[in-house]
Each structure stands twice: as C-alpha cells, then as structure tokens.
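Take a look at the structure below.
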Amino acid sequence: PANNICFYGECSYYCSTEHALCGKPDQIEGSLAAFLPDLSVAKRKTWRNPWRRSYHKRKKAEWEVDPDYCEEVKQTPPYDSSHRVLDVMDMTIFDFLMGNMDRHHYETFEKFGNETFIIHLDNGRG
Numbered sequence: 002p003a004n005n006i007c008f009y010g011e012c013s014y015y016c017s018t019e020h021a022l023c024g025k026p027d028q029i030e031g032s033l034a035a036f037l038p039d040l041s042v043a044k045r046k047t048w049r050n051p052w053r054r055s056y057h058k059r060k061k062a063e064w065e066v067d068p069d070y071c072e073e074v075k076q077t078p079p080y081d082s083s084h085r086v087l088d089v090m091d092m093t094i095f096d097f098l099m100g101n102m103d104r105h106h107y108e109t110f111e112k113f114g115n116e117t118f119i120i121h122l123d124n125g126r127g
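For the sequence shown, our numbering begins at 2 and goes up steadily by one.
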C-alpha cells in the first residue's frame, strides 16, 4: 500500500512483492525466536509482571480484588508513558493462548531504557 514500508524474503515460495509484509506505515508487530547475546554483552532488566499470579490459598493477587488496579498500573512508570502496558497485554494474551498461566516476570534490554520491546522468556509450555 502507498506510503507503507514493505519487505519480502528470498526463498522458493511466497517470497515476492505480491507476498510482502508491510508496516503501517513503518511499524509491524511480530514474534520471533532468537539466540540472545550473553548477559556480559547485552545486560537485561527483569520486570515483575503487574498481573502475576498469587499462589497463596487465601490471598488473591491485587488485580483480582482491586477494581481500580489497571488504572493504577497505567499511572506507574514505565506503563504511564510508553506502549509497555499494551505490550504486557499482548504478552498476557499470547500466554493464555499457549497455556502459560504463570508469567511472573519479563525482561528488556537495559541499553534501550523504557522505550524498548519486552522479551518473553519462559515459554516452555509453548
């Protein structure tokens, strides 16, 4: 489409301009599996998932009992000024669809600060 950035690969099937992947206009969402660099090369920051489970029999997680919890999270850095809260929602839906019900943490590359993508580790059940 006009004004969108598109790309296609080199392969035997479906690798042509007729089967290109296009951004809107220059961004595209996706998922990939990759070999991550060693921590000595690219340090990562571990973040607690705001919607992590509680494993206590009598104590529910805060998001299960506080109707304003989502609004509170959206006012807290880094969820207040970036697409992070949307990325966590995407991660949560992905986890649900693949049966991973215990996402406690996620990671980011330290070098990029809060304006970065999240890294899904712990997809063992997928």
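Backbone N, C-alpha and C define an ideal beta-carbon position, used for all residues, glycine too. Note that the structure is a prediction, hence the values are computed from the model and not measured.
CB of residue i within 7 angstroms of CB of residue j, strictly
i	j	result
residue 106	residue 49	yes
residue 24	residue 16	no
residue 5	residue 38	no
Run of the beta strand (DSSP E) containing residue i, from where it starts to where it stops
i	result
residue 107	106-110
Start and end residues, alpha helix (DSSP H) containing residue i
i	result
residue 52	Premise fails: residue 52 is in no alpha helix (DSSP H) and is neither H nor E.
residue 163	The requested residue 163 does not occur in the structure, where the chain is confined to residues 2 to 127.
residue 15	Where residue 15 is concerned, there is no enclosing alpha helix (DSSP H), given that its DSSP letter is neither H nor E.
residue 99	85-99
residue 44	Per DSSP, residue 44 belongs to no alpha helix (DSSP H) and is neither H nor E.
residue 75	70-75
Cβ neighbour criterion (16 or more within 10 Å) applied to residue i
i	result
residue 99	exposed
residue 51	buried
residue 127	Note that residue 127 has pLDDT 42, beneath the 50 cutoff, so the model's placement of it is unreliable and the number below is only indicative. Result: exposed.
residue 56	exposed
Supposed contact pair residue j and residue i - C-beta distance, whole angstroms, cut 8 angstroms
i	j	result
residue 96	residue 118	About 16 angstroms; that fails the 8 angstroms criterion.
residue 93	residue 104	7 angstroms
Should the segment 107-114 be called in touch with the segment 39-49, which here means at least 3 C-beta pairs below 8 angstroms?
-> Yes: the two stretches touch, three or more of their Cβ pairs being nearer than 8 angstroms.
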